[in-house]
Amino acid sequence: MNCIKNIIGDDRENPSKPLLEFSLDYLCSFEFRDDDQTQLDEVVRDGIGLTAFLGDLEDACQQGEWEDLQKLTAKTFMASDRSRGTMDAFAELALQDCERSAIFIFHLFRAYQFQEVKEDNWAFTKCILEWLHGKALPEPHDQADSSPSEIHDLMIESGDLSLLGSVSRLWEGDYVRIRGYQREISHWCSQAFLTTLNIKPSLNHWLLKDKKRKFIHEAETIVKSQKSQSEKANALVILEAVRSLLKTTSPTQFGILGARLDQLIR
589 MNCIKNIIGD DRENPSKPLL EFSLDYLCSF EFRDDDQTQL DEVVRDGIGL
639 TAFLGDLEDA CQQGEWEDLQ KLTAKTFMAS DRSRGTMDAF AELALQDCER
689 SAIFIFHLFR AYQFQEVKED NWAFTKCILE WLHGKALPEP HDQADSSPSE
739 IHDLMIESGD LSLLGSVSRL WEGDYVRIRG YQREISHWCS QAFLTTLNIK
789 PSLNHWLLKD KKRKFIHEAE TIVKSQKSQS EKANALVILE AVRSLLKTTS
839 PTQFGILGAR LDQLIR
């Protein structure tokens, strides 16, 4: 959804009807949670909303104590005056596994920042909790002497473009816990295993054209294709990542980026 929002933003005065229709259909294909407020009400009723420590929550999540985590999360959230602190702590934990979580965390943050209202804090906190639930987390990593910019060119040629787009923007983000996020991302960058692929640049690719709606047109082609809903969604995530990477990629690599995009979404 965040990818479509970003792409539609290339021409806000004329929003793409096919993309809006796909967004609605895709969103309605999911089951909506309807008990979020009930969990908070139970915490208040039980009188345990005033004493909670973020460190206890992080330990429980790290140790996989999932049975207790729902109530402890609600308790910690209420103790923080319904702030986004719990969500930010979960995000740092999730980034201990950048390979799995970086794309999800980046787009969740961007969706949150679109309005950034306190009333949404619990819903977004619950989203990350559901993402983490039942998944073993690696231990926190030490800061490494590496960053997304150092592996950028090789990632363009042979890496995961969606992942690169997400970690690069998280790295440059303005977050309270940015040091923790950068610590985990730096570790992932230092461990990234990249091989050189023999990519023939697409010198006449549409990416090289100076057209305002070029990403909108490509996104419309994707949603009108015969792909499944999940395949379309994945292709849109890749397309939005390329849209971002185009701003940081040297002109000499535009053709390579275009060729890789075609390989990934066709």
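All you need for this note's numbering is the position in the sequence shown, starting with 1, plus 588.
Glycine included, each C-beta is placed from N, C-alpha and C at the ideal position.
N-terminal and C-terminal residue of the alpha helix (DSSP H) that residue i is part of
{"i": "MET675", "result": "673-682"}
{"i": "MET743", "result": "736-746"}
{"i": "THR809", "result": "802-811"}
{"i": "ASN558", "result": "Because the chain is modelled from 589 through 854, residue 558 falls outside the range shown and cannot be assessed."}
{"i": "THR626", "result": "624-634"}
{"i": "LEU696", "result": "686-703"}
{"i": "PRO606", "result": "605-615"}
{"i": "LEU795", "result": "Note, LEU795: premise wrong, no alpha helix (DSSP H); not H, not E."}
{"i": "ASP644", "result": "642-650"}
{"i": "ARG767", "result": "766-779"}
{"i": "ILE716", "result": "709-720"}
{"i": "GLN817", "result": "817-833"}
{"i": "ASP850", "result": "842-853"}
{"i": "ASP859", "result": "There is simply no residue 859 to check, as the chain begins at 589 and stops at 854 in what is shown."}
{"i": "GLU655", "result": "654-667"}
{"i": "SER838", "result": "Looking at the DSSP string, SER838 is not in any alpha helix (DSSP H), and its letter there is neither H nor E."}
{"i": "GLY753", "result": "749-759"}
Cβ-Cβ distance between residue i and residue j below 9 Å
{"i": "ARG688", "j": "LYS723", "result": "yes"}
{"i": "ILE773", "j": "LEU758", "result": "yes"}
{"i": "GLU585", "j": "LEU607", "result": "Residue 585 is absent from the model: the chain starts at 589 and stops at 854."}
{"i": "ILE853", "j": "SER754", "result": "no"}
{"i": "ALA648", "j": "ASP656", "result": "yes"}
{"i": "LEU696", "j": "MET743", "result": "no"}
{"i": "ARG801", "j": "ASP598", "result": "yes"}
{"i": "GLN658", "j": "LEU717", "result": "yes"}
{"i": "GLU727", "j": "GLN650", "result": "yes"}
{"i": "LEU796", "j": "VAL830", "result": "no"}
{"i": "THR836", "j": "SER746", "result": "no"}
{"i": "TYR614", "j": "GLN817", "result": "yes"}
{"i": "GLU857", "j": "VAL811", "result": "Nothing about residue 857 can be read from this structure; the chain reaches only from 589 to 854."}
Buried versus exposed, by CB contacts within 10 Å (16 or more), residue i
{"i": "CYS616", "result": "exposed"}
{"i": "HIS775", "result": "buried"}
{"i": "GLY846", "result": "buried"}
{"i": "PRO736", "result": "buried"}
{"i": "ILE592", "result": "buried"}
{"i": "HIS740", "result": "buried"}
{"i": "ASN786", "result": "exposed"}
{"i": "GLY635", "result": "exposed"}
{"i": "SER832", "result": "buried"}
{"i": "VAL632", "result": "exposed"}
{"i": "VAL705", "result": "exposed"}
{"i": "HIS805", "result": "exposed"}
{"i": "PHE641", "result": "exposed"}
{"i": "SER838", "result": "exposed"}
{"i": "GLY643", "result": "exposed"}
{"i": "THR674", "result": "buried"}
{"i": "GLN851", "result": "exposed"}
Contact test: residue i Cβ vs the ligand PLP heavy atom, cutoff 8 Å
{"i": "ILE592", "result": "Of ligands this structure carries none, so the ligand PLP is not represented either."}
Three-pair Cβ contact test at 8 Å for the stretch 681-695 versus the stretch 814-824: no
Any 3 or more C-beta pairs closer than 8 Å across the stretch 668-680 and the stretch 760-774: yes
Stretch-stretch touch, CB-based, cutoff 8 Å, three pairs: the stretch 599-616 with the stretch 707-714: no
Three or more C-beta pairs below 8 Å linking the stretch 788-806 and the stretch 841-850: Cβ pair count under 8 Å is three or more, so yes.
Meets three-Cβ-pair contact criterion under 8 Å: the stretch 722-740 and the stretch 690-702: no
Cβ contact (3+ pairs, closer than 8 Å) linking the stretch 824-835 and the stretch 615-633: The stretch 615-633 and the stretch 824-835 do not touch, with fewer than three beta-carbon pairs separated by less than 8 Å.
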